[in-house]
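For what it's worth, the working numbering labels the leading residue of the sequence shown as 1, then goes sequentially.
Single-structure report; data block below.
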Amino acid sequence: MNTTKELNQWWVQFPSELRRITICRLLASIGAGGVIYFTALVFNELSFTGTEIGLGFFVAAIAGTVARLSAGLWLDRSTSYTSPLKVAAFFAIAADLLLFTAFTHKRYLIGEFFLGAAAGFYWPSVEVAIPMCSKEGESGKGFALARSADALGVSLGALIGSFLATIDQIRLIYLVEIFCMIILIALIKYNFIDNKIIKYKNIKDNRVRINELINAKKLVKLSKLLAPILVISLLSTGILSLMQIGLQLDLEKGGINRPEISINIIGWIISYKLILLLIMQWPIGRWLSEKKVKFGLKLSNICLLIGCILLSFSSLFNEGIYIVLIALVPLTAGIAMFLPTATEAIVQVSPKEYRGLSMSLYSQCFGLSFLIFPLLAGRIIDTQGNGGLLWIIISILCILTYPLTRAVIPNDDYLIKIST
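Structural data, given as structure tokens:
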């Protein structure tokens with residue numbers, strides 16, 4: 001009873017709008033958990049090569065790139081996040097229907113295109129909603145809560161996917177996401193989610209016209225100031241994308257000496273990784289919300305480097321699966337550190353009138369990473385027969401991007417530069 005009361009008190013400390021968007025993110029993540037982590041396995045069963053599966057992620061990334069830019073401009077012209085969120089839900093339903101019935105590469109690519117468009121509209125909308133719904137100066141706590149909801153939802157979705165894989169009904173992951181999206185649309189439509197226009201303080205005075213928004217000079221300044229965060233984010237989201245395709249393919253193909261792993265076991269390994277993320281996300285996110293964003297980005301980079309090095313070593317040993325399980329601990333910690341820290345960094349350096357555009361530029365890192373990393377992973381694994389070289393390359397990239405963490409510009413410096 002006391003535990004329930006304490007949880008309730010913890011939950012109600014957050015603003016009602018923040019709690020509502022968190023519920024939306026939880027629903028979306030439950031649906032996405034199975035789709036993100038098991039799509040590669042669904043179509044690997046149809047004898048698609050790693051390159052063919054990676055091409056689907058590439059197509060999704062192209063659609064996501066266009067959708068993210070559109071969503072960013074849409075959000076800067078309006079202060080409501082619910083409309084692009086509904087668009088994302090409809091795209092997701094269309095994608096799931098296509099993928100559920102896809103047995104050819106062409107239909108798979110079309111489904112991935114719609115899935116990418118859904119992600120493109122979804123992420124800028126739910127990310128920009130957090131500072132809009134949080135108390136003034138407490139967006140860091142809001143992002144920690146949101147990321148915890150994401151982790152919980154994805155973990156639940158992956159557990160559902162693991163169960164479906166065990167009973168040989170893995171394609172039902174797409175129906176699970178459709179069900180979640182229908183509930184999400186209903187929540188928005190029938191005002192369980194407050195559909196009023198949410199306003200920033202004095203935003204009317206700060207709002208820019210669309211022709212001002214695309215002013216080349218201001219965009220160049222904004223891009224330069226965001227560049228270090230965006231490069232770091234491109235690599236970190238690339239590693240995140242490899243956790244959704246590269247790791248699964250690597251485990252199924254086997255390493256140099258590490259034996260092949262069955263789909264059922266891979267499903268439970270994915271669930272293990274996501275449960276780790278669920279356990280780590282809130283305490284790590286809450287702890288880092290009280291630290292400088294540079295500190296969080298540095299620590300995240302180090303953890304990702306350690307994890308990738310361990311994955312590369314796992315290929316060399318017959319019992320390498322145990323090294324994989326150990327590697328997933330620092331990898332998960334690095335992702336748990338990166339997700340809220342990078343988003344908070346974008347918020348800190350972006351003026352309110354450019355926040356939607358800045359968030360869409362940040363979200364493009366997810367799209368660009370899916371353009372590059374899945375194809376790279378598929379090609380290397382097809383060529384080498386294992387993922388050892390892949391993880392070595394990623395480890396080197398982590399070392400090369402570490403110095404950029406020192407180049408993240410604090411908010412005060414940003415405000416001075418953007419006004420000149």
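We put the CB at the ideal spot given by N, CA and C, even for glycine.
Note on residue 386: 16 or more other CB atoms within 10 angstroms of its CB, so buried under the neighbour-count rule.
DSSP, read as helix, strand or coil, puts residue 46 in coil. When the alpha-carbon of residue 272 is set against those of 105, 20, 33 and 23, the nearest one is in 33.
Of the candidates 24, 368, 12 and 396, 24 places its Cα closest to the Cα of residue 189. Just measuring C-alpha positions, the residue of 115, 162 and 402 sitting nearest residue 178 is 115. In the structure shown, residue 362 adopts helical secondary structure according to DSSP, grouped into three states. Remark: three or more beta-carbon pairs, one from each stretch, lie closer than 8 Å, so the stretch 283 to 299 and the stretch 139 to 146 are flagged as touching.
Distance from the CA of residue 310 to the CA of residue 401, rounded to the nearest whole angstrom, comes to 19 Å. Going by beta carbons, residue 165 and residue 44 fall outside the 8 Å limit. Taking 8 Å as the cut-off, the Cβ atoms of residue 100 and residue 46 do not count as close. Taking C-beta atoms under 8 Å as the contact rule, residue 61 and residue 371 qualify, at a distance of about 4 Å.
Around the beta carbon of residue 8, fewer than 16 other beta carbons lie within 10 angstroms, which makes this residue exposed. In the structure shown, residue 32 adopts helical secondary structure according to DSSP, grouped into three states. Annotated three-state conformation of residue 254 is coil, per DSSP. Between the C-alpha atoms of residue 171 and residue 163 there is a straight-line separation of about 11 Å. Restricting attention to 323, 345 and 308, the CA atom closest to the CA of residue 295 is found in 345. Cβ neighbours of residue 105 within its own chain (closer than 7 Å, five residues either side excluded): 48 and 52.
Residue state for residue 81 is assigned as coil, using DSSP reduced to three classes. The C-beta distance from residue 324 to residue 131 rounds to 37 Å, too long to fall under 8 Å, and the pair is not in contact. Distance from the CA atom of residue 403 to the CA atom of residue 77, rounded to whole angstroms, is 36 Å.
The beta carbon of residue 135 sits closer than 7 Å to those of 15, all from its chain and outside the five residues before and after it, given in chain order. Assignment of alpha helix (DSSP H) within the stretch 122 to 183, counting only whole runs of 4 or more residues, yields 139 to 166 in chain order.
By the C-beta density criterion, residue 301 is buried, having at least 16 other C-beta atoms within 10 angstroms.
Under the Cβ criterion (8 Å, minimum of three pairs), the stretch 79 to 89 does not count as touching the stretch 272 to 281. Secondary structure of residue 280 (DSSP, three-state): helix.
Restricting attention to 384, 398, 337 and 234, the CA atom closest to the CA of residue 144 is found in 337. With a contact defined as Cβ atoms closer than 8 Å, residue 241 and residue 374 qualify at about 6 Å. Here residue 312 has 388, 391, 392 and 395 as same chain residues with Cβ atoms under 7 Å from its own Cβ, once five neighbours each way along the sequence are excluded.
Membership of residue 337 in the alpha helix (DSSP H) is indicated by the continuous run 320 to 349. Per DSSP, reduced to three states, the secondary structure at residue 15 is coil, with no helix or strand assignment.
Per DSSP, reduced to three states, the secondary structure at residue 289 is coil, with no helix or strand assignment.
DSSP, reduced to helix, strand and coil, places residue 264 within a helical segment of the structure shown. Cβ contact annotation for residue 40 (same chain, cutoff 8 Å, sequence separation greater than five): 53, 244, 245, 248 and 249, in chain order.
Residue 229 is positioned such that its CB atom lies no closer than 8 Å to that of residue 153. In this structure, 155 is the residue among 232, 155, 330 and 147 with its C-alpha nearest to the C-alpha of residue 35. Judged by their CB atoms, residue 50 and residue 381 are nearer to each other than the 8 Å cut-off.
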